[in-house]
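The structure under discussion appears below in the form of structure tokens.
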Amino acid sequence: AAGATPSPTPRGPAQLTDGLNPEQREAVEHGDGPMLILAGAGSGKTRVITRRIAHLIAARGVHAGDVLAITFTNKAAGEMRERCTSLGVPPGAWISTFHATCARILRRDIEHLGGYTRDFTIFDTDDRAKLIRDLIKSSGYDTTAYKPAEVGAFISDRKNRGVPAGELESGGFSDEVYLRVHKEYEAALARNNALDFDDLLAKVIELFDHHPGVRDQYADRFRHVLVDEYQDTNGVQYKLLRHLTVFRQNIAVCGDPDQSIYGWRGADVRNILRFEVDFPGARVVKLERNYRSSQNILDAAQAVIRNNTQRKEKALYSDKGPGEKLVVVQCAGEEDEAREIALRIRTLADAGRRHDQFAIFYRANFLQRALERALRLSSIPYQIVAGTEFYQRREIKDLIAYLRVMVNPADDEACVRSLGVPTRGIGDKSIDELREWALDRRQPLSRAIRSEEARARIRGRARAALEAFAGALERLALHAEGPAAVALEAVIEETRYFEWLARSAERDDVDREANVQELLGHASTYDEENPQGGLRGFLQDIALVSDADGYDDATPKVALMTMHAAKGLEFPVVFIAGVEEDLLPHKRAVAESEHGLEEERRLFYVGMTRAQEVLVLSHAATRRQYDGEIWCRPSRFLEEIPRELVAGQGGAAEEAEDLGDYVFEPDASRSPELAVGDTVEHDFFGRGTVELLAGAGTNARATIWFGKHGRKQLMLAYARLKRIPSSGGRR
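Residues 957 to 1687 in the numbering used here are what the sequence shown spells out, letter by letter.
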């Protein structure tokens, strides 16, 4: 056709292997039979997969329509299709995500299941939420008492684990309303001839299990199956691949068990570890040449990951040379750690690096607050990648809503939010009745809640819940004029907030409790530094921090993200904050899973291997929680890094001296000999007076009065104090 863009000329087999290293070439040229491509971080795996697809067609005569290539994200699938097109691969190959592949199968064959037609609708997340919301209301409940998002998470979890709608689970969460809505939800989907995302995979497994003839058509069609990120497959995806390879075992999977970090989302690292058992005689090709990082970074990461047992050995190497040594920074507390990172970024930026060459990773979201504050104070532009700013997090906004009502009873928006935290069974109709009463009398909603006359309009359990909430508001109001931390503790105790978090059906963020503890720690710090500020001052401080600054999209920014969000990315300079026991490895992940420690080590490995040139690991000696300061120990993962790869540093741009046999121990000899009454100087707090000394060696600590900064307890091995001699000298 006139004006049509000509298709790229198909490349010959020799051209398709140009520029490949020997291992990449071996994977591309492999013929029939199963193959496991163990692709180390930064080893060019996408290039190998796309070249292999093109090579199968160009060199082995495989028809494009007989090739199935599956990956996990639309972005990755799109990139793979574009690369294949540029290599001259003709149209017809199935290159898509698991969900898209299953949808295509169901479009052809879902009628075998009965009750559905091929023109079924796929409900996205919003469609599902609306349907669940309507079902809750039509069942006589309401969306404030039973949140659609929580019910949706409950349903999705059960579907992915194969639990039928309405079935009780021994020892599982089984709220009667949730179960009823789940059953009605499935019936409503069927009435609407609709499937949700979870159904796409589950229905294909059901189809193949009950109609083997249909399964055989697809297994016979796909002469070659390729799977990217195989270490992230779950049980349902594994079953699908076993179905599709029942006749031929021409399956090539690419992945790295050392980068399997989604166990909490259902991924099973055993799928890739047992590949050679599932497919006897499989060829194993190791892609060990890394095109991203310096050798020192690779050696350190490999030294750590070799402590895992659930893995396959690889020896990554780089042509970039040894590069810089890793830096381990020891800091007194979280604020010191954040300032240290900001200082290093500013120093490197002044030397010519762009801000978008830096990334800061953390295991727990609560570490984000101090980092954001330090970057703002240093005028360093930053962006939160795949996350939410600390004060915009749901659990933080929940508690702040209570504090706002305590200080300002006319804040109806905060009052409505408080009514739903925790869920009390007070729905929209009840709130509308109270609003009407309040509007007629020009009173705030909180006044209506405390009014017996207004509550008399409400019937049933909602009325009793309102009476209880009114009592809670009265009790909390007693703390409105006091310190912020005391008020916040009262809210948490009154609402039993931690217990409510533990019961929540939405468990997408294991850090929510830690985020609340971080907020408590911040409130305590505010009270210490602003004795006259009180709760009102604290809320004003938060409001100023929470106002989103309008960033210029064209301005390079430092990237802040969780370590999970860092998967697949790379940066010249990487900081990993909070490399401490109970944070990394995370205590909950270790406690809740038999293999939790190994997944935490894999997560650290993923974070380390994002760094191209500079890797800085930091840990704090103390962190503030709601019940005071806690002492923190360096992560066991730091001990697994060979000493010769690390340039240990004591913080605040002070170069470390020889740290002795154990590089991560603080150097107590560098702290000055102190006595009660001495005057000392601190880099940030300035001059202060020693009031109390305790501990010995690396555990020695001092309580010091710093005037406007208040009283601080510091570990001497970390604090970098300088003793100021008295005018008369010291004996």
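All residues carry an ideal CB built from backbone N, CA and C; glycine is no exception.
ask   = With a cut-off of 8 Å, do at least 3 Cβ pairs link the region 1550 to 1564 to the region 1346 to 1357?
value = no
query = What's the gap between the Cα of glutamate 1408 and the Cα of alanine 1143?
reply = 42 Å
inquiry  = Quick check on lysine 1668: buried or exposed, where buried means 16 or more other Cβ atoms within 10 Å of its Cβ?
reply    = buried
request  = Determine the closest residue to histidine 1138 out of Ala1105, Gln1313 and Asn1030, with distance taken between C-alpha atoms.
outcome  = Ala1105
request  = Rounded to whole angstroms, what's the CA-CA distance from leucine 1457 to leucine 1491? Just pull it up for me.
outcome  = 24 Å
task = For arginine 1037, I'd like the list of residues in its chain whose CB is within less than 8 Å of its CB, leaving aside the five on either flank, ordered along the chain.
result = Ile1051
query = Anyone know if the C-beta pair for glycine 1021 and alanine 1049 falls short of 9 Å?
reply = yes
task = May I ask you to verify whether the region 1302 to 1320 touches the region 1261 to 1277, counting CB pairs closer than 8 Å and requiring at least 3?
result = no
query = How would you write the range of the alpha helix (DSSP H) that glutamine 1193 sits in, first residue to last?
reply = 1191 to 1200
query = Roughly how many angstroms separate the alpha carbons of valine 1361 and isoleucine 1498, rounded to a whole number?
reply = 15 Å
query = Of all the options Leu1323, Ser1335, Leu1157 and Ala1056, which has the alpha carbon lying nearest to the alpha carbon of valine 1514?
reply = Ser1335
ask   = Among Asn1321, Ile1387, His986 and Val1632, which residue has its Cα nearest to the Cα of leucine 1540?
value = For the residues Asn1321, Ile1387, His986 and Val1632, the minimum Cα distance to leucine 1540 belongs to Asn1321.
query = When the Cβ atoms of the region 1473 to 1480 are set against those of the region 1435 to 1443, are three or more pairs found closer than 8 Å?
reply = yes
key: Residue of Lys1385, Ala1631 and Val1192 minimising C-alpha distance to alanine 1656   = Ala1631
task = Tell me where the alpha helix (DSSP H) around lysine 1115 begins and ends.
result = 1104 to 1116
query = So who's on the other strand from methionine 991, going by DSSP bridges?
reply = Under the DSSP definition of a beta bridge, methionine 991 partners with Ala1208 and Arg1239.
task = Drop a sphere of 10 angstroms on the beta-carbon of glutamate 1556, count the other beta-carbons inside from all chains shown, and report buried for 16 or more, exposed for fewer.
result = buried
request  = Only counting runs of 3 or more residues, tell me where the beta strand (DSSP E) segments fall wholly within the region 1045 to 1082, in order along the chain.
outcome  = 1050 to 1053 and 1077 to 1079
ask   = Leaving out the 5 sequence neighbours to the left and right, which residues in its chain are closer than 6 Å to glutamate 1585 when beta-carbon positions are compared?
value = Thr1578
ask   = tryptophan 1587 bridges to which residues according to DSSP?
value = Thr1578
ask   = In or out: asparagine 916 buried (at least 16 other Cβ within 10 Å) or exposed?
value = Because the chain here runs from 957 to 1687, residue 916 falls outside it and cannot be looked at.
message = So glutamate 1248 and glutamate 1526 are supposed to be a Cβ contact under 8 Å. How far apart are they, rounded?
response = In the sequence on display, residue 1248 carries arginine and not glutamate. The Cβ separation is near 5 Å, so the contact holds.
Threonine 1189 classed as buried or exposed, judged by whether at least 16 other C-beta atoms fall within 10 angstroms = buried
Alpha-carbon spacing of arginine 1008 relative to arginine 1204, whole angstroms = Between arginine 1008 and arginine 1204, the C-alpha separation is close to 18 Å.
query = What's the gap between the Cα of glutamate 1280 and the Cα of glutamate 1269?
reply = 25 Å
inquiry  = Relative to the C-alpha of glycine 1070, which candidate in Ala1146, Lys1001 and Glu1132 has its C-alpha closest?
reply    = Ala1146
key: Straight-line gap, phenylalanine 1110 to glutamate 1647 (C-alpha atoms, nearest Å)   = 54 Å
request  = Could you name the residues of the same chain whose beta carbon sits closer than 6 Å to that of leucine 1331, not counting the 5 residues immediately before and after it, in chain order?
outcome  = Cβ neighbours of leucine 1331 beyond the five flanking positions: Ala1298 and Tyr1338.
Backbone secondary structure at serine 1274 - three-state DSSP = strand
query = Which whole-angstrom value describes the C-beta separation of leucine 1677 and glutamate 1637, a residue pair presumed to lie in contact below a C-beta threshold of 8 Å?
reply = 7 Å
query = Is valine 1562 helix, strand or coil when you go by DSSP?
reply = helix
query = Taking asparagine 1264 as the reference, which of Ala1650, Leu1559 and Ala1603 has the closest Cα?
reply = Closest option to asparagine 1264, Cα to Cα, is Leu1559.
message = Let me check understanding here. Comparing Cα to Cα, which of Val1045, Glu1469 and Arg1262 lies closest to alanine 1015?
response = Val1045
ask   = Where does leucine 1571 fall in DSSP's three states?
value = strand
request  = Count the C-beta pairs between the region 995 to 1006 and the region 1209 to 1221 that are closer than 8 Å, then say yes if the count reaches three, no if not.
outcome  = yes
ask   = Skipping 5 residues on each side, what residues in its chain have a beta carbon closer than 7 Å to that of valine 984?
value = Sequence-distant Cβ neighbours of valine 984 in its own chain, meaning closer than 7 Å and more than five residues away, are Leu972, Thr973, Leu976, Val1004, Arg1007, Arg1008 and His1011.
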